[in-house]
Amino acid sequence: MHGRLHCWTFETHSSNFSLMAAASPSSDTLMSIEDVQDSLNRSRASIYRYANTDPRVLNPPFNLGKLNAEFRQDHKDPLLFHPQEVARFARDVLRIKGVKVNVLNGPQNATEELLTEMLAELRQIRLGLTRGPSVENTPSPGTDDRLACGWLYCEQTA
Numbered sequence: 202m203h204g205r206l207h208c209w210t211f212e213t214h215s216s217n218f219s220l221m222a223a224a225s226p227s228s229d230t231l232m233s234i235e236d237v238q239d240s241l242n243r244s245r246a247s248i249y250r251y252a253n254t255d256p257r258v259l260n261p262p263f264n265l266g267k268l269n270a271e272f273r274q275d276h277k278d279p280l281l282f283h284p285q286e287v288a289r290f291a292r293d294v295l296r297i298k299g300v301k302v303n304v305l306n307g308p309q310n311a312t313e314e315l316l317t318e319m320l321a322e323l324r325q326i327r328l329g330l331t332r333g334p335s336v337e338n339t340p341s342p343g344t345d346d347r348l349a350c351g352w353l354y355c356e357q358t359a
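Everything in the sequence shown is counted per my numbering, starting at 202 for the first residue and increasing by one.
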């Protein structure tokens with residue numbers, strides 16, 4: 202399994218249970234029907250009944266009483282839901298009290314690790330540039346100015 206694994210935890214304060222769903226890495230941060238089904242503890246059929254879909258319209262307008270899917274390009278595309286939309290639906294329509302969404306990111310992939318390393322290196326470079334010249338590179342009184350920079354020395358001939 203390549204990519205990033207996202208987990209959503211829907212916690213309710215009125216009851217003592219926590220609902221969790223994991224998304225497939227290809228969908229990035231969107232939840233599939235199965236994820237919504239697991240997180241809301243409802244049947245697949247009820248999730249389809251809750252979903253704002255219409256066989257004649259690809260992307261129906263937003264409906265406060267329904268679970269609104271993300272925009273699709275084709276009718277064959279799977280229904281995907283944003284975690285905040287699932288939380289809104291659970292809170293406002295299903296009347297689950299105190300719904301809180303926690304998005305937990307899984308382990309980094311190779312690209313993310315490389316980008317993190319590059320960012321750390323760029324921060325070190327920026328820190329070095331903003332500090333100005335270091336003490337070891339400033340000439341002390343009575344020393345040859347040609348050695349002042351320490352890393353570059355070009356002798357001019359007359």
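C-beta atoms are modelled at their ideal positions from N, C-alpha and C, and glycine is treated no differently. In this text the structure is predicted, and so the values were computed from the model without any measurement.
(request) Starting from the C-beta of Ala291, find all residues in its chain whose C-beta is less than 7 angstroms away, skip the five residues before and the five after it, and write them out in chain order. (result) Phe211, Leu241, Ile297, Val300
(request) State the Cα-Cα distance for the pair Arg243 and Arg289, rounded to the nearest angstrom. (result) 16 angstroms
(request) Name, in chain order, the residues that DSSP records as bridge partners for Met232. (result) Phe282
(request) Could you tell me the distance, in whole angstroms, from the CA atom of His283 to the CA atom of Asn303? (result) 13 angstroms
(message) Taking 8 angstroms as the cut-off, does the region 251 to 260 touch the region 269 to 287 (at least 3 CB pairs, one atom from each stretch)?
(response) yes
(request) Kindly list the residues whose CB is nearer than 8 angstroms to the CB of Met319, restricted to its own chain and excluding five residues on each side of it in sequence; keep chain order. (result) Cβ neighbours of Met319 beyond the five flanking positions: none.
(request) Check whether the Cβ atoms of Tyr251 and Leu268 lie closer than 7 angstroms to each other. (result) yes
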